[in-house]
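These notes concern the structure reproduced below.
2 protein chains.
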Amino acid sequence: MKVFKTDSEVFDILHKEFSDFVLGTETVPLYEASDRICARDIEANIDVPHFDKSTVDGYAVRCQKTFSANDENPAVFDLIGEVKTGEIPDFKIQEGQAAKIFTGGAVPEGADAVVMLENTVEQEGRVFVFKPARPNENILKKGEDVGKGCTVVKKYQRLRAPQIGVLAAVGQKEVEVFSRLKVGIISTGDEIIMQDQPLEGAKIYDVNSYTLYSALKQEYAVPKLYGIVKDDYEALVGILSRAVSENDVVLISGGSSVGTYDNTLKAIQSLDEAIILVDGISIKPGKPTIIAKAGNKAVFGLPGHPVSCLFIFKFFVKKLFDILLHQQDTAGGKVLARLKSGFAASSGRTEFVFVKLIYSDEILAEPLYGKSGSINLLNNASGYVKIEATRTGLKPGDLVEVVLL
Amino acid sequence: MKVFKTDSEVFDILHKEFSDFVLGTETVPLYEASDRICARDIEANIDVPHFDKSTVDGYAVRCQKTFSANDENPAVFDLIGEVKTGEIPDFKIQEGQAAKIFTGGAVPEGADAVVMLENTVEQEGRVFVFKPARPNENILKKGEDVGKGCTVVKKYQRLRAPQIGVLAAVGQKEVEVFSRLKVGIISTGDEIIMQDQPLEGAKIYDVNSYTLYSALKQEYAVPKLYGIVKDDYEALVGILSRAVSENDVVLISGGSSVGTYDNTLKAIQSLDEAIILVDGISIKPGKPTIIAKAGNKAVFGLPGHPVSCLFIFKFFVKKLFDILLHQQDTAGGKVLARLKSGFAASSGRTEFVFVKLIYSDEILAEPLYGKSGSINLLNNASGYVKIEATRTGLKPGDLVEVVLL
Chain Y
1 MKVFKTDSEV FDILHKEFSD FVLGTETVPL YEASDRICAR DIEANIDVPH
51 FDKSTVDGYA VRCQKTFSAN DENPAVFDLI GEVKTGEIPD FKIQEGQAAK
101 IFTGGAVPEG ADAVVMLENT VEQEGRVFVF KPARPNENIL KKGEDVGKGC
151 TVVKKYQRLR APQIGVLAAV GQKEVEVFSR LKVGIISTGD EIIMQDQPLE
201 GAKIYDVNSY TLYSALKQEY AVPKLYGIVK DDYEALVGIL SRAVSENDVV
251 LISGGSSVGT YDNTLKAIQS LDEAIILVDG ISIKPGKPTI IAKAGNKAVF
301 GLPGHPVSCL FIFKFFVKKL FDILLHQQDT AGGKVLARLK SGFAASSGRT
351 EFVFVKLIYS DEILAEPLYG KSGSINLLNN ASGYVKIEAT RTGLKPGDLV
401 EVVLL
Chain D
1 MKVFKTDSEV FDILHKEFSD FVLGTETVPL YEASDRICAR DIEANIDVPH
51 FDKSTVDGYA VRCQKTFSAN DENPAVFDLI GEVKTGEIPD FKIQEGQAAK
101 IFTGGAVPEG ADAVVMLENT VEQEGRVFVF KPARPNENIL KKGEDVGKGC
151 TVVKKYQRLR APQIGVLAAV GQKEVEVFSR LKVGIISTGD EIIMQDQPLE
201 GAKIYDVNSY TLYSALKQEY AVPKLYGIVK DDYEALVGIL SRAVSENDVV
251 LISGGSSVGT YDNTLKAIQS LDEAIILVDG ISIKPGKPTI IAKAGNKAVF
301 GLPGHPVSCL FIFKFFVKKL FDILLHQQDT AGGKVLARLK SGFAASSGRT
351 EFVFVKLIYS DEILAEPLYG KSGSINLLNN ASGYVKIEAT RTGLKPGDLV
401 EVVLL
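Order-wise, the sequence lines are chains Y and D. Take the first sequence: its letter number 86 is residue 86 in full-length UniProt numbering, and every next letter is one higher. Take the second sequence: its letter number 365 is residue 365 in full-length UniProt numbering, and every next letter is one higher.
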């Protein structure tokens, strides 16, 4: 009898088999680097700021004179000039002198604090300061924010708006990132047709090519479609070989029926250096999943049912991507929600229940039910909840983690 | 004295002023529709499935004969044929007859259930069924999943993998979506330079153009850069007018110092049909934010500090996008986390504290501190937590909602 792997065994296999995968890199303009993954540690070539910088509008002074200042007894300074924003002032501040300065301006030599405009009055060449100022108050010292030589972005870090901002701040115009994962998509099944073919007999339109293509775009991969292959071993072998040679990962969907499944398994086995890593997973849905390695390429045989297919993509294929790209599993696509109603789980396998999120005072998750392969279930599901094989269900009011689809 | 608006007043103003905005539409291939917003209700032109469909591998039968079947006393059927997947069978099932059928196959006329392969034995032209089957068991009836004429995707619905799958299932090859929002980006300030200029004097590299460009990409908008404008009223008016004429929304960053701020405000006021809706918001950070309407275009004056600038984008500009695109504020970018340490809030304004998320057994949020304008703070922040003006802080262990940056 076939031995099914558990979901955590499958994760271990993916880690073991694909952790040493080496991705290519490319250099892209910083503007276009959003959501790409940094290919090396990047050090700051400059101090940020590279001068002592005022963080407010006000007056640069030596602060000691302000220590006893209050509303009745202001400290008085002679106004000797104004700092032109963007330039290093060509004057020095002496005891008892003040210079007007704006946010971002360079603090003149000799000054050790900037007093905020709100706490001053300027009159006839003199500045009255009504509050004490501490040394370095409202000054960002040279290199205080980012020191020259510090690592600002790490290898494998995903570049989002904040990281791109930091790279801009240290003067980077471009950045070396890992190449996007190339992923081939093949749909199989005698009954599957393209949307431009007539809907005859018991044919159905291809759904998985579309959902996988879209889901791959969301994961920043580069999807490539190889069309629909009938239940024909030779045809599948031909297209699969080409797809494997042209991509990092190949996804074959279909194969819920015994014949298509057998074809898919045999075609994968025929690939050069093919090793079948997983043939069946003890989960619901998605039991008939196949995972293989062909050389340094990964091949997935995904269930034909659209909901199961997308779910296996989100749960296992995305896991592989995280391993290949050295990404931590982050909470970006997860939401904590309270179950609106309970449900029973009795399969003895790890079960995944699709839920619809309802945004009220708190976020509610409503379990969805649908016959196997329901398209409508797919449309209504916001995400899924995992129930360990050892549990018999979940109760209304339980707090659950919903992984968004 | 200037009256600052609260954050909820600003939301109300945005709703009132921009709810009747009309977006253009365009028709795109379904493959390319990921993350676009559907421009009209889409009805199914076909039933899904458009035939009675088997959801398992097994045998199609009339089920009444199975009602008393068990391991000792199987119901026995004559095998009369096999359903070819993708075709409507040309035979009928009579009482006592069975036809082999695979997942996705069309249930033959006369049959009212499909018994699973696992519960049968086939021998010498006969099928032994060892378990009772209910009427319609393992059959998805014609139109049961999606009925012809049903709305499958609604106007304003964001098209993600599941929705694209549903549209594929009903045979759509393309879909009408709303045009992406066009957004112009202008950076201002005498001290701001591009990354290809030498870092002289007290100049600093432009950060906000990069962070806004990247954040706009993440929001599926079409960003356009208008470069850096010095503190020169005429120059700003010229570029601003052009940006407003070419975009739906214009973001001007800079203006933390009084002079730049005044310039920005005057330049916005000079636009045709300009109305200043908001001039200062009672929040921390981001107080000096300007929001205006010029005809049917929106113009934002954002703070110059990179962290404040990105925060105001996420909090108010994204809110405007949600209004323009009729999107509900969803939890896609939010995470519930437990505070690692507490912090005090004392400004009397609504405060936003940047936090770093730490993924351990549960998700922890560690408050970050940094001087105003810190780039490093930007880099370390996973998101922010809102503290109402009426609160004086949050305690360690408090459960907080973190909005991801």
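Every residue gets a Cβ at the ideal spot worked out from N, C-alpha and C, and that includes glycine. Being a predicted model, the structure only gives us computed values, none of them experimental.
On a CA-only basis, which of D:Leu-14, D:Lys-173 and D:Gly-125 is nearest Gln-197 (chain Y)? Give me that one, please.
-> D:Lys-173
Length at least 3, wholly inside the stretch 207 to 249 of chain Y: the beta strand (DSSP E) runs in chain order = 222 to 229
Euclidean distance between Cα positions of Gly-342 (chain D) and Leu-357 (chain D) | 14 Å
Can a CB atom of chain Y be found closer than 8 Å to the CB of Ile-185 (chain D)?
-> No, its Cβ sits nowhere closer than 8 Å to a Cβ of chain Y.
How would you list, in chain order, the residues of chain D whose beta-carbon sits under 7 Å from the beta-carbon of Lys-173 (chain Y)?
-> Gln-195 and Asp-196
Please decide whether Arg-160 (chain Y) counts as near chain D, where near means a Cβ-Cβ distance under 8 Å.
-> Yes, Arg-160 (chain Y) counts as interfacial toward chain D.
Gly-383 (chain Y), enclosing beta strand (DSSP E) - first and last residue = Looking at the DSSP string, the run of the beta strand (DSSP E) that includes Gly-383 (chain Y) is 383 to 387.
Please determine, among Y:Leu-324, Y:Ala-113, Y:Lys-131 and Y:Leu-79, the residue with the shortest C-alpha to C-alpha distance to Glu-124 (chain Y).
-> Y:Leu-79
Assign Gln-197 (chain D) to one of three DSSP states: helix, strand, or coil.
-> coil
In chain order, what residues of the same chain have a beta carbon less than 7 Å from the beta carbon of Phe-18 (chain Y), not counting five sequence neighbours either side?
-> Ala-298, Leu-320, Ile-323 and Leu-324
Which of helix, strand or coil DSSP assigns to Gln-123 (chain D) = strand
Give a yes or no on contact between the stretch 150 to 161 of chain Y and the stretch 41 to 55 of chain Y, applying the rule of three or more CB pairs nearer than 8 Å.
-> yes
Can Cys-63 (chain Y) and Ala-99 (chain Y) be called in contact, C-beta distance under 8 Å?
-> At least 8 Å separates the beta-carbon of Cys-63 (chain Y) from that of Ala-99 (chain Y).
Name the residues in the stretch 212 to 234 of chain Y whose C-beta lies less than 7 Å from a C-beta of chain D; which are they?
-> Tyr-213, Ser-214, Ala-215, Lys-217 and Gln-218
Under 7 Å by beta carbon: chain D residues contacting Val-207 (chain Y) = Gly-165, Ala-168 and Ala-169
Closer than 7 Å by beta-carbon distance: list the chain Y residues that pair up with Leu-271 (chain D), in chain order.
-> Within 7 Å Cβ-Cβ: nothing; Leu-271 (chain D) doesn't reach chain Y, min ~25 Å.
Can you tell me whether DSSP reads Pro-306 (chain Y) as helix, strand or coil?
-> helix
Thinking C-alpha only, which one of Y:Gly-301, Y:Gly-24, Y:Glu-82 and Y:Arg-134 is nearest Ser-179 (chain Y)?
-> Y:Gly-24
Given that a residue counts as buried once 16 or more other Cβ atoms are within 10 Å of its Cβ, and exposed if not, what is Asp-20 (chain Y)?
-> Around the Cβ of Asp-20 (chain Y), a 10 Å sphere holds fewer than 16 other Cβ atoms; the residue is exposed.
Let me know the secondary structure DSSP gives Asp-47 (chain Y) once reduced to three states.
-> Correct three-state label for Asp-47 (chain Y): coil.
Boundaries of the beta strand (DSSP E) in which Val-278 (chain D) is found, first to last residue | Counting along the chain, the beta strand (DSSP E) containing Val-278 (chain D) begins and ends at 274 to 279.
Enumerate, from N- to C-terminal direction, the unbroken alpha helix (DSSP H) stretches of 4 or more residues contained entirely within the stretch 32 to 88 of chain Y.
-> none
Mind checking whether Ala-106 (chain D) and Val-207 (chain Y) have CB atoms under 8 Å apart?
-> no
Residues of the stretch 40 to 52 of chain Y whose Cβ lies closer than 8 Å to any Cβ of chain D, in chain order | Ile-46, Val-48, Pro-49, His-50 and Phe-51
Considering only C-alpha positions, which residue in the set Y:Phe-311, Y:Val-222, Y:Leu-377 and Y:Glu-234 is nearest to residue 409 (chain Y)?
-> Any answer about residue 409 (chain Y) is impossible in this case: the structure gives chain Y only from 1 up to 405.
Would the beta-carbon of Leu-364 (chain Y) fall within 8 Å of that of Ala-381 (chain Y)?
-> no
Ignore the nearest five residues each way along the sequence and tell me which others in Gln-163 (chain Y)'s own chain have a CB closer than 7 Å to its CB.
-> Val-153 and Gln-157
Would you say Ile-290 (chain Y) and Val-278 (chain Y) are within 8 Å of each other, going by their C-beta atoms?
-> yes
Consult DSSP for Glu-362 (chain Y) and reduce its assignment to one of helix, strand or coil.
-> Correct three-state label for Glu-362 (chain Y): coil.
Closest Cβ-Cβ distance between Asn-376 (chain Y) and chain D: below 8 Å?
-> yes
Where Pro-108 (chain Y) falls, given that 16 or more other Cβ within 10 Å makes a residue buried = Counting Cβ neighbours within 10 Å, Pro-108 (chain Y) comes out buried, since at least 16 surround it.
Separation of Glu-118 (chain D) from Val-229 (chain Y), as counted between CA atoms | 28 Å
Contacts around Leu-368 (chain Y), its chain only, beta-carbon distance under 7 Å, and the 5 residues preceding and following it disregarded = Phe-354, Val-355, Lys-356, Leu-377, Asn-380 and Ala-381
Asn-73 (chain D) burial status per 10 Å Cβ neighbour count (16 or more: buried) = Under this definition Asn-73 (chain D) is an exposed residue.
Contact set between the stretch 84 to 116 of chain Y and chain D, restricted to residues whose Cβ is under 7 Å from the partner = Thr-85, Gly-86, Glu-87, Ile-88, Phe-102, Thr-103, Gly-104, Gly-105 and Ala-106
Cβ of Ser-327 (chain Y) less than 8 Å from any chain D Cβ?
-> At residue 327 (chain Y) the sequence reads Gln, which differs from the Ser that was named. Gln-327 (chain Y) does not count as touching chain D.
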